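Enquirer:
In this note's numbering, the protein residues as written are 1 to 178.
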């Protein structure tokens, strides 16, 4: 009887199939880890941003005034357009560079829109509010986690861009001076 020194076609196909299955499982796990890493970075960026805002407030007795965004309107500062650079200049002594979202939309659109990522900052004069005595930040996570806490402004108006729900992607946070 003659001994074969190779693999059969069936054996090779089985091995290739197993390797393909393992590769697809690894890629799915890797993508999930990347999403978690981007969300962790977003939360760290927002925390660093809030710290810079508080340092600015301690020195100036007000928060920087927002403005110049193309989206959602010119009263906002948006990380997707030039208004973010103006805000960065104001916060420069406290934060050398304002972060942008890891999946920042190049169009500068509003981060509260479904699927759009970016940071938006608002601190203006509203009815009942003294200019610079409150601010609001809106951002979007990739994984919905927890409710949107929202913010009650000086005039008693409640802002919650993520809407009501136990898990929302869009978050609205901020501070108001009493």
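Cβ coordinates follow ideal geometry from the N, Cα and C atoms, glycine included. Note that the structure is predicted; figures quoted are calculated from it, not measured.
So residue 167 and residue 129 are supposed to be a Cβ contact under 8 Å. How far apart are they, rounded?
Expert: To locate residue 167, count along the chain shown from 1; it is residue 167. To locate residue 129, count along the chain shown from 1; it is residue 129. No, residue 167 and residue 129 are not in contact; Cβ-Cβ is about 30 Å, not under 8 Å.
Enquirer: Need the endpoints of the beta strand (DSSP E) that residue 137 sits in, please.
Expert: By one-based count along the chain shown, residue 137 stands at place 137. That run of the beta strand (DSSP E) goes 134-140.
Enquirer: What residue from 63, 161 and 145 has the CA that sits closest to residue 151's CA?
Expert: Stepping through the chain shown from its first residue, residue 151 is reached at position 151. Of the listed residues, the one whose Cα sits closest to residue 151 is 161.
Enquirer: Count the C-beta pairs between the region 80-99 and the region 12-26 that are closer than 8 Å, then say yes if the count reaches three, no if not.
Expert: No, the region 80-99 does not touch the region 12-26.
Enquirer: Taking the alpha-carbon of residue 122 as reference, which of 172, 48 and 19 has the nearest alpha-carbon?
Expert: Taking the chain shown and counting its residues from 1, one reaches residue 122 at position 122. Closest by alpha carbon: 172.
Enquirer: Work out the CA separation of residue 145 and residue 90 for me, nearest whole Å.
Expert: Here residue 90 refers to the residue found at position 90 when the chain shown is read from its first residue. Here residue 145 refers to the residue found at position 145 when the chain shown is read from its first residue. The alpha-carbon atoms of residue 90 and residue 145 are separated by roughly 31 Å.
Enquirer: In chain order, what residues of the same chain have a beta carbon less than 7 Å from the beta carbon of residue 153, not counting five sequence neighbours either side?
Expert: Mapped onto the chain shown, residue 153 falls at position 153. Taken in chain order, the residues that qualify are 126, 129, 134, 159 and 176.
Enquirer: Report the three-state DSSP secondary structure of residue 29 (helix, strand or coil).
Expert: In the chain shown, the residue the question calls residue 29 occupies position 29. Residue 29: helix per DSSP, three-state reduction.
Enquirer: Kindly indicate the opening and closing residues of the beta strand (DSSP E) around residue 120.
Expert: As a position in the chain shown, residue 120 is number 120, starting the count at 1. Run containing residue 120: 119-122, per the beta strand (DSSP E) assignment.
Enquirer: So the candidates are 137, 38 and 132; which of them puts its Cα closest to the Cα of residue 120?
Expert: Within the chain shown, numbered from 1, the residue matching residue 120 stands at position 120. Nearest C-alpha to residue 120: 137.
Enquirer: Where does residue 20 fall in DSSP's three states?
Expert: Stepping through the chain shown from its first residue, residue 20 is reached at position 20. Three-state result, residue 20: helix.
Enquirer: Let me check one thing: in DSSP terms, what residues is residue 176 bridge-paired to?
Expert: Numbered from its first residue, the chain shown carries residue 176 at position 176. Paired residue(s): 134.
Enquirer: Helix or strand or just coil, what does DSSP make of residue 83?
Expert: Translated into positions along the chain shown, residue 83 becomes position 83. Three-state result, residue 83: helix.
Enquirer: Report the rounded CA-to-CA distance for residue 17 versus residue 8, giving the unit in angstroms.
Expert: Numbered from its first residue, the chain shown carries residue 17 at position 17. Numbered from its first residue, the chain shown carries residue 8 at position 8. For residue 17 and residue 8, the distance between alpha carbons rounds to 14 Å.
Enquirer: For chain D, find out if any of its Cβ atoms is closer than 8 Å to the Cβ of residue 101; answer yes or no.
Expert: Of the protein chains in the structure, only one exists, and it is not chain D.
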